[in-house]
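For the sequence shown, the residue numbers in mature numbering (1 follows the signal peptide of the UniProt record, and there is no 0) are -23 to -1, 1 to 88. From the three backbone atoms N, C-alpha and C, an ideal C-beta is built for every residue, glycine too.
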Amino acid sequence: MTRNKTFLHLAALTAAATLYLTAAGHVAAQSSARNCGPRAMVVDRLASGYGETRQSMGLGANNQVIEVFASSETGTWTITVTTPAGMTCLVASGQAFEELAEALPAPGKDA
């Protein structure tokens, strides 16, 4: 993986983690809501309905998997959280997704 791709994944995971932490309390309450379902069903819906594929992923609190899905064609994006039991909830979604290839700052220097 190139350095720029690594940075992109790190940036996406950081954003996802931030959203996850602010929404963590809501995710548990939403597990029975219509924006949650079995992971395979949610991933299929994102692919068939929006052309979104997984762009990055990471492990969050309580072994929950945080994933960023997006479509380079439509620009839509979705962040999901999946519990160890396989229940996936939509945390955030939007438009104008762009893949970034920014250079990392030099070690010891802030960007």
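Where residue i sits in the DSSP three-state scheme
i: G71; result: strand
i: A38; result: helix
i: V28; result: It should be noted that the sequence gives Gly, not Val, for residue 28. In the structure shown, G28 sits in coil (DSSP, three-state: anything other than H, G, I, E or B).
i: A17; result: helix
For residue i, the nearest candidate out of the options (CA to CA)
i: S25; options: N39, Q41, F46, N40; result: F46
i: M18; options: Q41, L67, Q72; result: L67
i: T51; options: A38, S33, N12, L23; result: L23
Beta carbon of residue i nearer than 8 Å to that of residue j
i: D14; j: T65; result: In the sequence as presented, Asp is not what sits at residue 14; that position holds Gly. Result yes, Cβ atoms of G14 and T65 sit closer than 8 Å.
Neighbourhood of residue i by C-beta distance below 8 Å, restricted to the same chain and skipping five residues each side
i: S48; result: Y27, G28, E29, T30, W54, F74
i: S70; result: T53, W54, T55, I56
Cutoff 7 Å; reference residue i; Cβ partners in own chain excluding five residues on either side
i: G63; result: P15, R16
i: N40; result: P61
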